[in-house]
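Visitor:
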Amino acid sequence: MKPSRTPIPANSPGFEFVYVANQRCECGGYFATVSQSLQDAPARPTERVLARCEACGAERTFVFDISSFFGKFERYDRFQQTEDTFRRAMAALRAGRPTEAEVALREVVDPEKGEPAFAWGYYHLGRVLLMQGRAEEAVGALERAAAIQPLEPDIHRVLARALQAAGRVEQAQGHLRRAEELRARFG
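Counting along the sequence shown from 1, when you hit position 186 you're at 185 in numbering that gives the first Met the number 0, and nothing is skipped either side.
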């Protein structure tokens, strides 16, 4: 039940729940929030979230940096705006407008306007950049996604494609193996 090392940046309470719910347990299940508590840190306020895996019952603690919205009630619904922007990006992507999707996805993961720890924002940004032939930029976005959600096979699979396109074959093979291991493990 060890807590995350560095507080996870969160720009709204809603994102904390989304972040926790999207984290995989080692067993392949997903976490659900059990309890929350405000922590009085010397530098900035943090929130400690205890979560339990819905599949195996393992517990994990997440610590969020909530200084961007703590005491600023007008910012509490900010994740709704981020989610709306994410949906707009996905619609643009499905409609074949990658430039529009890229602009929206950059806003989704922007530290001020969006949520800088939103793995699926980075994942789809990486996909868009890869589609546009910008492999090195795609690698950067996909590495951020993999760092946030290291147990998601799809993230490793697309990161492998981006690394391959960037000519980094050995690294690509490592992520492809990781994707296959995770897929076999989680189904």
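We treat Cβ as the ideally placed atom computed from N, Cα and C, and that holds for glycine.
Everything numeric in this text was worked out from a predicted model, so none of it was measured.
Have a look at alanine 50 and phenylalanine 16 and give me their C-alpha separation to the nearest angstrom.
Guide: Cα-Cα distance, rounded: 10 Å.
Visitor: Output the residue ranges of the beta strand (DSSP E) runs that lie fully inside the region 33 to 62 and measure 3 residues or longer, sorted by chain position.
Guide: Whole beta strand (DSSP E) segments, 3+ residues: 45 to 52.
Visitor: To the nearest angstrom, how far is the alpha carbon of glutamine 148 from that of cysteine 26?
Guide: Whole-angstrom Cα-Cα distance: 14 Å.
Visitor: In this structure, how does DSSP classify alanine 31 when only helix, strand and coil are distinguished?
Guide: Note: alanine 31 maps to strand in three-state DSSP.
Visitor: Just the C-alpha distance for valine 157 and methionine 89, rounded to the nearest angstrom, thanks.
Guide: Cα-Cα distance, rounded: 17 Å.
Visitor: Can you look up arginine 23 in the DSSP assignment and give me helix, strand or coil?
Guide: Reduced to three states, the DSSP call for arginine 23 is strand.
Visitor: Using a Cβ-Cβ cut-off of 6 Å (strictly less than) and excluding sequence neighbours within five positions of alanine 178, which residues of its own chain qualify?
Guide: Taken in chain order, the residues that qualify are Pro152, His155, Arg156.
Visitor: For alanine 144 versus alanine 103, is the C-beta distance shorter than 8 Å?
Guide: No, Cβ-Cβ distance for alanine 144 and alanine 103 is not below 8 Å.
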